[in-house]
Amino acid sequence: MPAIHLDAVSKYYAHHRATDAVSLGIEPGQFAVVLGPSGCGKTTLLRLVAGLERPDSGRIELHGKDATNLPPGRRELSMVFQSYALFPHLNVAENLMFGLKLRRVSRGERHRRLKDTARLLGLETLLTRKPSQLSGGQQQRVALGRAIIGGRRTVLMDEPLSNLDAKLRHEMRRELKSLARELDMTVLYVTHDQAEALGMGDVVIVMNQGRIEQIADPETLYERPASLFVARFIGTPPMNLLPLQSGPQLQDCEHTLNFIASGENQVLGLRPEQIEVVEYGNGIEVTVEAVEYLGADAVVACRAGPHALSARLPGRLHPQPGERLCLGWAPHAVNLFDADTGCRLP
Ligand code: ATP
Numbered sequence: 003m004p005a006i007h008l009d010a011v012s013k014y015y016a017h018h019r020a021t022d023a024v025s026l027g028i029e030p031g032q033f034a035v036v037l038g039p040s041g042c043g044k045t046t047l048l049r050l051v052a053g054l055e056r057p058d059s060g061r062i063e064l065h066g067k068d069a070t071n072l073p074p075g076r077r078e079l080s081m082v083f084q085s086y087a088l089f090p091h092l093n094v095a096e097n098l099m100f101g102l103k104l105r106r107v108s109r110g111e112r113h114r115r116l117k118d119t120a121r122l123l124g125l126e127t128l129l130t131r132k133p134s135q136l137s138g139g140q141q142q143r144v145a146l147g148r149a150i151i152g153g154r155r156t157v158l159m160d161e162p163l164s165n166l167d168a169k170l171r172h173e174m175r176r177e178l179k180s181l182a183r184e185l186d187m188t189v190l191y192v193t194h195d196q197a198e199a200l201g202m203g204d205v206v207i208v209m210n211q212g213r214i215e216q217i218a219d220p221e222t223l224y225e226r227p228a229s230l231f232v233a234r235f236i237g238t239p240p241m242n243l244l245p246l247q248s249g250p251q252l253q254d255c256e257h258t259l260n261f262i263a264s265g266e267n268q269v270l271g272l273r274p275e276q277i278e279v280v281e282y283g284n285g286i287e288v289t290v291e292a293v294e295y296l297g298a299d300a301v302v303a304c305r306a307g308p309h310a311l312s313a314r315l316p317g318r319l320h321p322q323p324g325e326r327l328c329l330g331w332a333p334h335a336v337n338l339f340d341a342d343t344g345c346r347l348p
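Converting from the sequence shown to our numbering requires adding 2 to each position, the first position being numbered 1.
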């Protein structure tokens, strides 16, 4: 039975659909990440699950029970939102333990959990400080601690790491993930950061304009994007997307592109790192236009007739602008999309 289940959930603001018939299921213990650009409806989705918004249509179930109209306090969830929402007059320890006290957790147990949580989040030396005496990042960690300390198994998080500096953010990603696994938490985590999504998610839900584009594990999402939107959104440098129209456009590099461009009006998708230098005659001839040397490898911008193509090649090859190369790729590296619908072709 899914821990969180949404069936065709829509939420409108005036005439704008913030979420549009969203259906999904998250299994107990799963770390599910909602990923998408600003304004795509991620926060609205989270607020619907939390009960902070009511859907205009559709059904929400938590652990098999209808929760569509259940008030937030009765959903047995904890939440970490971008705003810290700490009590200014309480110190860090009191903020952390506030919820436990309300729930009448014993004093000994409260202090044991406080110690564990403070250690985990590096808050041990800050326990007597008030929120106003903390940096933004430290405040966010206290907010995170408050969600974790209660031991609720389902936690909703809206960009909880966005105020941490890059190094801490990276450490926290790993810690949060192993913490979630250790405590067997079900997490619904919102971010617009693809590295966070791919690095943390057991499953990633990609949203675009209120709709779900794809729900998949990170590898499938990266290797087999379901749509042009997902293909464009995930990956740095991004996937090469080459429009394959019939006719003269193809003639310059015909022998390689033709065998996959069986139909018209398709888009060929190729990850830069799946392109390699091959012997002449076995691939497509390109001219190097620019090279970004990165040490182990180099991102090489090339041109093949009308097509611009970027390839991640070994840095030791030292390709130079103006040089001619022959590039190829394994057949399984090819993604094909319908140019009109944007959908992946089988
Ligand atoms: P971000 O990453 O920028 O936080 P998001 O993906 O979380 O964006 P939402 O906050 O869910 O997006 O907003 C989805 C859409 O609904 C946006 O177009 C937003 O302007 C609109 N919206 C959200 N809340 C309201 C509201 N209370 N009233 C009117 N429109 C709203």
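For every residue, glycine included, the Cβ atom is placed at its ideal position computed from N, Cα and C. Only a predicted model underlies this, so the values are computations on that prediction, with no experimental measurement involved.
Boundaries of the alpha helix (DSSP H) harbouring L104: V94 to L104, taken from the DSSP string. Under the DSSP assignment, R234 falls in the alpha helix (DSSP H) whose first and last residues are L230 to F235.
Residue side-chain check: H194 places its Cβ nearer than 7 Å to a non-hydrogen atom of ligand 1. By a beta-carbon distance limit of 8 Å, V293 contacts P321. Their separation comes to about 6 Å.
Ligand 1 has a heavy atom closer than 7 Å to the beta-carbon of H18.
For Y15, the shortest C-beta to heavy atom distance toward ligand 1 is below 7 Å. Its Cα nearest to that of R61, the residue H7 stands out among H7, T193, M202 and L181. By the criterion of a C-beta distance shorter than 6 Å, A10 is surrounded in its chain by A23, S25 and G60, once the five residues flanking it on both sides are discounted. Cβ-Cβ separation between G330 and V290: approximately 16 Å, too far for a contact (criterion under 8 Å).
In this structure, the CA atom of E78 is about 19 Å from the CA atom of R112.
Bounds of any beta strand (DSSP E) do not take in L47; it lies within the alpha helix (DSSP H) bounded by K44 to A52. Taking 8 Å as the cut-off, the Cβ atoms of F339 and A233 count as close. Contact between T45 and G212 is absent: CB atoms are separated by about 12 Å, not below the 8 Å threshold. With respect to the C-alpha of L166, the residue from E184, V94, G147 and S137 having the closest C-alpha is S137. In its chain, beyond the 5 residues on either side, M209, N210, Q211 and G212 have a beta carbon closer than 8 Å to the beta carbon of C42. Annotated three-state conformation of R56 is coil, per DSSP.
Between D160 and V82, the beta carbon gap of about 7 Å places them in contact (Cβ cut-off 8 Å).
H113: not part of any beta strand (DSSP E); member of the alpha helix (DSSP H) spanning R109 to L123, first to last residue.
Separation of G110 and L102 (C-alpha to C-alpha, rounded to the nearest whole angstrom) is 11 Å. When the five nearest sequence neighbours on each side are left out, the beta carbons in the same chain lying within less than 8 Å of the beta carbon of C304 are those of V288, T289, V290, E291, A310, L311, S312, A313, L327 and L329, in order along the chain.
Within a 10 Å sphere around the beta-carbon of L64 sit 16 or more other beta-carbons, which makes this residue buried. In this model, L88 and P4 are separated by some 31 Å (Cα to Cα). DSSP places H17 outside both helix and strand once states are collapsed to three, so it counts as coil.
For R326, the uninterrupted beta strand (DSSP E) run begins and ends at R326 to G330, by DSSP.
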